[in-house]
Amino acid sequence: MAERAQPVSQWPGIGAAALVAALILGTLAAVAARAETSGGFTSADWAALRFTLTQATMSAFFSVALAIPVARALARRRFRGRRALIALLGAPFILPVIVAILGLLQVFGRSGWISDIMGVFGLPPIRIYGLHGVVLAHVFFNLPLATRLVLQAWQEIPAERFRLAAQLGCNGMAMFRLIEMPMLKRTLPGVLAVIFAICLTSFAVALTLGGGPRATTIELAIYQAFTYDFDLGRAALLSALQLALTAATALVALKFSRGDGFGTGLDRALRRWDGGLPAIDTFWILAAAVFLMLPLASVVISGIAGFFDMPAIVFRAALISVLVAAASTAVLLLLALPMATAAASGRYGFVELSGILGLAASPLVIGTGLFILIRPIANPTTLALPVTALVNAAMALPFALRILVPAAQDITARHGRLALSLDMGKWTFFTRVLLPRMRPQIGFAAGLGAALSMGDLGVIALFADPQIATLPLQIYRLMGAYQMQAAAGGALLLLLLSMGAFWLLDRGGRWHAEA
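Per this note's numbering, the sequence shown starts with residue 70, numbered consecutively.
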């Protein structure tokens, strides 16, 4: 469509995209400028780089290797509760990291459930801190994502391929070699690259389960350069290295995400003739479900016991988290809605491109740049909460755009010409046509942004002083003070707040929404 044929004004979206680009690129420029004054890499920095690459490689490999049999079992079996289990695979994405880590400690830690069982048989307890602990936590978070991605690729195979293979007398192994193995060869490199990129920027996992000279990631080294040495030059140099690694991995993931499809079919219901041994598929499905549910169950059980023993500072931190999440969600929608409508026109590719810039830079890198920019004119700790809300909104923006842009494109295509023929004003079309029909997507995007912001433990760790803390940061401080009972109660409260915010906003968006 030509510019004059657009039913919605594009200028608010262009302005929002410019603000997002200025925020991300400006902070990255500040990091780059400060990094030039640093004295170079130390041996500790090279050790952090090696550990970062090692843990990300191992985490991606184990996550994908375990996801293959789980996804294959889900693709071959139909059982009661299958949809609920597949939906459960999306829960770790919005689960606060500190809650999951506390649950993993209670199950796999030195005093956890597994260690207690091993002690009965005279075996030594499990040591979860270090490389294996970081990898375990990353597998917990990324196994569900890898399973969903591989399962989606399995479901895209036309049913006619399996039907033809059965007619030709192929057994289960032959079907796997001729049909499923080519699909895995096309799918797995992209999945590995995506999870590798996620593990590169996992700050909270390394902060709680890593640490120490031999288990420090680049992001944790950035944090330590701030909090312990206050060496902004070294922090900026490490931030530039982190950005280069993440950008390179994102490009690799984008390259592998493009590939030939699996052909078209007749949309028949998928039927499999390679059932194999049901016990094997049942084992993998149950093992994945137990691995995901045990840490959550431990948080609930221990959290109930410690819920009424929490100090008042935990409830104050919870209120701060709610306010930060509310502000972050409001900023997210103010940016995402006009950008989605501008991107829906198809004429402003840079609008959507600016929205996904957040995927190339971690929150700590952006936080480093903001600290460098703010420090000459103000005390950064006084702006800790507004900066946290702003960065959280920028980090959630790529996901919100992926939710909103397709809906905006569909609504504009279906109703745009009629609105123009009726001489409907652009603001009227936006408020009376576009927004009501996008309510389900808006609610989902808002709920996702609120949940991610509620559980974030990133930028606030750089800016906050001892008197100000969000709930995830306060839980981390309680864990560091060995107040595990109070930390468990705080984790349960955070779990309820984050999941409740997601459910409330998502449900509110779909309530009486137009189809």
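Using N, Cα and C, we set each Cβ at its ideal position, and we do this for glycine too.
Of the other Cβ atoms in all chains shown, fewer than 16 fall within 10 Å of the Cβ of R119; this residue is therefore exposed. Contact between the region 541–551 and the region 463–480 is absent, with fewer than three C-beta pairs closer than 8 angstroms. Relative to the Cα of S128, the nearest Cα in the group A305, Q510, L212, Q536 belongs to L212. Within its own chain, the residues whose Cβ lies closer than 7 angstroms to the Cβ of L269, once the five positions on either side in sequence are excluded, are T121, A125, L314, T315, T318, listed in chain order. If the five residues before and after F513 are omitted, its C-beta is found closer than 7 angstroms to the C-beta atoms of I472, D575, G578, all from its own chain and listed in chain order. With fewer than three CB-CB distances shorter than 8 angstroms, the region 182–194 does not count as touching the region 377–387. When the Cα atoms are used, G527 and L573 turn out to be separated by approximately 25 angstroms. DSSP, read as helix, strand or coil, puts G527 in coil. F190 carries a coil assignment under DSSP once its states are collapsed to helix, strand and coil. Taking F210 as the centre and dropping the five residues before and after it, the same chain places the C-beta of P161 closer than 6 angstroms to its C-beta, in chain order. Here the C-alpha atom of A294 lies approximately 36 angstroms from the C-alpha atom of G569. Here L459 is actually not in contact with V391; their C-beta atoms are around 17 angstroms apart, not less than 8 angstroms.
Note on M250: under 16 other CB atoms within 10 angstroms of its CB, so exposed under the neighbour-count rule. Within the region 499–548, no complete beta strand (DSSP E) segment of 3 residues or longer occurs. Taking the Cα positions, P258 is about 22 angstroms away from A206. For N448, the closest of A262, W182, A533, R501 by C-alpha to C-alpha distance is A533.
Counting every other CB atom within 10 Å of its CB across the protein chains shown gives V168 a total of 16 or more, marking it as buried. With 16 or more neighbouring CB atoms inside 10 Å of its own CB, Q79 falls in the buried class. When the Cα atoms are used, A519 and F571 turn out to be separated by approximately 7 angstroms. Around T216, the same chain offers A136, V139, A140, L158 as residues with beta carbons nearer than 6 angstroms, after the five sequence neighbours per side are excluded. Look at the beta carbons and you see the region 435–445 not touching the region 503–510: under three pairs across the two are nearer than 8 angstroms.
Residue state for R103 is assigned as helix, using DSSP reduced to three classes. Of A550, A530, Q536, the smallest CA-CA separation from F272 is found for A530.
Here the alpha carbon of D350 sits roughly 14 angstroms from the alpha carbon of L154. When C-alpha distances from A430 are compared across A309, L403, G178, I170, the shortest belongs to A309. The continuous stretches of alpha helix (DSSP H) do not include F110, and DSSP gives it neither H nor E.
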